[in-house]
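Quick note on numbering: the working numbering labels position 19 of the sequence shown as 587, and the sequence is numbered without any gaps. In this text, a Cβ means the ideal position worked out from N, Cα and C, and glycines have one as well. Reviewing the structure listed below.
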Amino acid sequence: MEDDGVPRTKITLGVCVMEKKANLGPMLQILERLQAFGEFEVVHFGDKVILEDPIESWPICDCLIAFYSTGYPLKRAEDYAALRKPFLINELEQQHLLHDRRKVYERLEMYGIPVPRYALVNREYPNQELDYFAEEEDFVEVHGNRFWKPFVEKPIDGDDHSIMIYYPSSAGGGMKELFRKVGNRSSEFHPEVRRVRREGSYIYEEFMPTGGTDVKVYTVGPEYAHAEARKSPVVDGVVMRNLDGKEVRYPVLLTPTEKEMAREVCCAFRQAVCGFDLLRCGGRSYVCDVNGWSFVKNSYKYYDDTACVLRKMFLDAKAPHLSSTIPPTLPWKVNEPVQQSEGLTRQGSGIIGTFGQSEELRCVIAVIRHGDRTPKQKVKLKVTEEKLLNLMLKYNGGRPRTETKLKSAIQLQDLLDATRILVPRTRPDRESDSEADDIEHAEKLRQVKAVLEEGGHFSGIYRKVQLKPLKWVKVVKNNGEGEEERPTEALMVLKYGGVLTHAGRKQAEELGRYFRNNMYPGEGTGLLRLHSTYRHDLKIYSSDEGRVQMSAAAFAKGLLDLEGPLTPILVSLVSKDSSMLDGLENASIEMDEAKARLNEIITSATKADHNSVLPEKPWMVDGAGVPPNASELLPKLVELTKMVTEQVRLLAKDEDEELADTSSYNVYLPYDQAKALGKTNIDVDRIAAGLPCGSEGFLLMFARWRKLERDLYNERKERFDITQIPDVYDSCKYDLLHNAHLNLKGLDELFKVAQLLADGVIPNEYGINPRQKLKIGSKIARRLLGKILIDLRNTREEAVNVAELKNNQENDPTFPITGKDDTDYHSKCNGKFEGARRASFTSDMSLDQDDDDDKETKYRLDPKYANVRTPDRHVRTRLYFTSESHIHSLMNVLRYCNLDESLQGEPGIVCDNGLERLCRTKELDYMSYIVLRLFEDTEVALEDPKRFRIEMTFSRGADLSPLESNDSEAASLHQEHTLPIMGPERLQEVGSCLTLEMMEKMFRPFAMPAEDFPPPSIPQGFSGYFSKSAAVLERLVNLWPFHKYGNANGR
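Here it is, written out as structure tokens:
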């Protein structure tokens, strides 16, 4: 090299790494660029020199690239650095820390860098028992710190990548093993593994739900950080690859806070080139692993940046008199055509469609009912047996007047053990002198036992038992000192059933695929690309019910084209919010009033008064939909129910005799994971053997029908209970769909009668007329309505911010896209890198901004590095999975909101055709849904309300009759025990414009205000990051440059 005509020696850059690492593509790309500047001579040491030659004979160099990999003699490299004192990019001594995850976390905490909540379990030898470590079914406890499943288990050895995630029994249990990519997989799910490892020392840490995304950060010096996101291995373990077979990763923007974290990781470990893993959860970011030397793959822009940053570091250390300013044209591009950025999307951006001339989709909000389920069941019995009363005391802390809930596997196993002892081995002869109550009690105990034995494993997701004390006596304490209360009678309530069937899982997955292909105009199957490029902001919520959670997970599997079991998908992608999507308590009084009035209409054959109502609006009458001959249908319903029950009784009698003959009471059935998750396929063998579909035996099937028969009509009081009509209809439809092979006589006729009555009863349980429907709906869906308004408001604010920034930039080319905090470090002119990479406006709106008032995680595509056509376009999707009650409630608010006193005179947001269509819709069946899509017309002025419009659609779900014979598709699906889901129907006139402003006005009286939503809590262990002392900050500043020997042989 020359300076003012005087020849100068080039700076020698030694590459002292294993040949396998030195010959990797990213390393070669960066070294070629460094050499192209003409200032460096690169010397490769090679494996023979590194492993065999004495360090005194190693090449002498000015700057050294040296880092550990498998087989690398780190101590020899340290000795060489101490002898020759080159400038070190990554300090060698600190690399020892990276091999021990305990030391990594200790170092991170020392510098105030947030990490997940964790605890250490150190063993001196395999299977060592530790008094500070305890494991229960759904948690481990270390030094008094409890980690509930899901939690993560990591070996302390940083080179051991066998990391386990253990899932709670409420999600189906099991364990997922993460490992280095092998072929197309990076994890494997093991449903049978529920106990943690004990052969070594481990770190246990809280599982951080990140929305199925991992972020990898790559630093080059303390002022430059590049971040990429990929599909997390914890979701389904399938590696997403592009057409060239390489894992798909997308560059994403770091927030200012995360950039400071990157700087501190770099300084804390004294590794200029360093990769680390970032978890984004609950609006905060955490470092969960530090890898040391790491380069980005397949990004030419990154290679350019890295070469320029490293060049400046080398020149500042060894030739400070030389200018490190980057030339106008990078030297390796002088004689070449402009290199097209290969990016990470070589499948091509042509698959991305367009939204139209000026209108773009901004938000998709869907409220979805769960899929097909088994009938929900309940058994109530009073118990006086000492074993059961003692069990109640065992799990309620010994409090005789306190209710106990049993749901975990251990609790239910205890109950099963007690029940097995109490259930008589043979049925009492009905002609004997045994009391009827005793016979019924024994039958119910037998039913409890059968339910608990179903499937052979307690998933905790669809069976629960309540024990409520009813009577007490005072007894002398065991120690003879004083008296204490003891329960003598309790009410046992067993709730079971309602589990997602194989058909329900199939329906949910199929609907997810339908949404992927149809709900995003212009995208088509490109939704996967929209999602993977982090222009898709997806959040999935579910109620607490197992069938709803699993429907959400199955839907996500179809929507995002995932593979494998549902448990990891559920834990990774679905957030439970029971307060928003569960419960009817807020409207219980009004619903009781509606049911009382409905009972009067049905049982007394009361005719609705049509005189004051226009005939073209039948939905405005009391009890709309109730058949005029309802009172005549009730006796027929009872008669047909008895006929079906008797047939099932005979089948159950045969099964019970077989069980008694084989003494199966002490047999433990094999574990069946499908019990909790909903089976994927029909059990063909059971069907061929003439057994009921699924896991329900004839004993439980008989118990189900017998209870319906007893509850539907009280013969002694000669009274019908119309609240049982939906349950009769539910059982009919289930058995026609899943148990048609049993050929139960009269079942099809019973279904027709039950359907006529249910079509009138079910909608009217949520209000007997429009005003009552609106009142009940607004109480049940108040929180959900408030959350939907927050979703829409945040989407609009974000879109407006985007438009304003673009307008400002177009009008003033010098207008900065972001503030100085969002500018990444590059040298350009006087020390700043020309062509500095600036983060887009979305960075400021990322993790540092409240999203939906609940700190939702966002990922923003970095447009500078991404080969996509519209990197700024961003679509928000919010999916809410719930039960029938919330679907009806939300729909009633949508169609009747204008009846509220505060909105009198306003037109409804559902058109008359839509109201007629809803009136004809008798049932919102499994997988029914309501979709709100927000569109932005970019050609309309920002202040014009028509800039944002709402499109509303709904689907009746899988509401075809199992008896349908004129639908060929339905007939073929019926063979698979499932029914098709109806397509979406419009609630507005074609060409109409429902503005977001009008939607907000109509919703606001019924929605929970945003300020009433509970504030997000700061995750435990994070607050220290913001209370960093001045001494820590000073230490961070003084650490750089962090090489030991730079001054001795440097400037």
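Residue i to residue j span [Cα, whole Å]
i: D1006; j: R1272; result: 20 Å
i: L1562; j: L1305; result: 40 Å
i: G593; j: V864; result: 10 Å
i: L1219; j: V1296; result: 19 Å
i: S891; j: H612; result: 26 Å
i: E1519; j: E928; result: 12 Å
i: K1032; j: E1052; result: 29 Å
i: E1214; j: E1283; result: 17 Å
i: V1061; j: F747; result: 44 Å
i: L581; j: V610; result: 5 Å
i: V672; j: A840; result: 16 Å
i: Q1556; j: D1480; result: 8 Å
i: L619; j: A649; result: 15 Å
i: Q945; j: K1063; result: 6 Å
i: D1253; j: L1310; result: 14 Å
i: R675; j: C629; result: 31 Å
Cβ-Cβ distance between residue i and residue j below 7 Å
i: R669; j: K749; result: no
i: E1277; j: K1210; result: yes
i: F719; j: G1132; result: no
i: G1335; j: A1192; result: no
i: F1270; j: C1300; result: no
i: K973; j: Q1034; result: yes
i: G843; j: T1135; result: no
i: W861; j: A604; result: no
i: R1350; j: M1495; result: no
Buried or exposed (CB count within 10 angstroms, at least 16 for buried), residue i
i: V1558; result: exposed
i: I733; result: buried
i: G751; result: exposed
i: L1486; result: buried
i: P654; result: buried
i: V1043; result: exposed
i: Q1543; result: exposed
i: H664; result: exposed
i: K869; result: buried
Residue interval of the beta strand (DSSP E) (run including residue i)
i: C631; result: 631–633
i: L1500; result: 1497–1505
i: T678; result: Note that residue 678 is Met in the sequence shown here, rather than Thr. Careful: M678 lies outside any beta strand (DSSP E), inside the alpha helix (DSSP H) at 669–678.
i: R798; result: 793–799
i: Y786; result: 781–788
i: H612; result: 608–612
i: N1337; result: Run containing N1337: none; DSSP gives neither H nor E here.
i: R1488; result: No beta strand (DSSP E) contains R1488, which is instead part of the alpha helix (DSSP H) from 1480–1488.
Limits of the unbroken alpha helix (DSSP H) element including residue i
i: Q1117; result: 1114–1127
i: S1140; result: 1134–1141
i: T580; result: Run containing T580: none in the alpha helix (DSSP H); it sits in the beta strand (DSSP E), 579–583.
i: S1299; result: 1293–1306
i: Y1464; result: 1452–1464
i: S754; result: Per DSSP, S754 belongs to no alpha helix (DSSP H); it is in the beta strand (DSSP E), 753–758.
i: F747; result: Taken as a continuous stretch (DSSP letters only), F747 belongs to no alpha helix (DSSP H), being part of the beta strand (DSSP E) at 743–750.
i: S1156; result: 1156–1171
Bridge partners - residue i, DSSP secondary structure assignment
i: Q945; result: Y1064
i: F1266; result: F1266 is not bridged to any residue.
i: F655; result: C631
i: N1282; result: R1287
i: V855; result: L846
i: H1104; result: V1443
i: Q1034; result: K973, V1061
i: K1039; result: E1057
i: K722; result: I771
i: K950; result: L1059
i: S1110; result: K1144, F1449
Residue i: CB within 6 Å of a non-hydrogen atom of the ligand ZN
i: T893; result: Absence of the ligand ZN is noted for the structure shown, with no ligands found whatsoever.
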